[in-house]
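Each residue of the sequence shown is one higher than the one before, counting from 262 in my numbering.
Everything below concerns the one structure shown next.
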Amino acid sequence: MNLIWEGDYVQSVYAACELSGYGVGSPRKPLRALPAERLAAIRKCLETLTEREAI
């Protein structure tokens, strides 16, 4: 979860919600969407969490 605390907290939460199936839209201005590499890192973390929940 350090990924979220390294900056871009609000954008990271929005991205995680969207990836989890909760349509929350985009962060309001002046915040911007996350870069593709950060989004991929969050996706990977969420996949790991989902796998652990399934156990």
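Cβ coordinates follow ideal geometry from the N, Cα and C atoms, glycine included.
Of the residues the options, which one's Cα is nearest the Cα of residue i?
i    : options             : result
L292 : A315, Y275 and L310 : Y275
D282 : I316, T311 and A297 : Going by the sequence as given, residue 282 is Gly instead of Asp. Of I316, T311 and A297, the residue nearest in Cα terms is T311.
Whose C-beta lies closer than 8 Å to the C-beta of residue i among residues of the same chain, with five residues either side of it excluded?
i    : result
P288 : V271, Q272, Y275 and A294
V285 : Y275, C278 and E279
Would you mind stating whether residue i and residue j have Cβ atoms separated by less than 9 Å?
i    : j    : result
L280 : R299 : no
Might you give, ordered along the chain, the residues of its own chain that have their beta carbon closer than 7 Å to the beta carbon of residue i, omitting 5 neighbours on each side?
i    : result
A277 : I303 and L307
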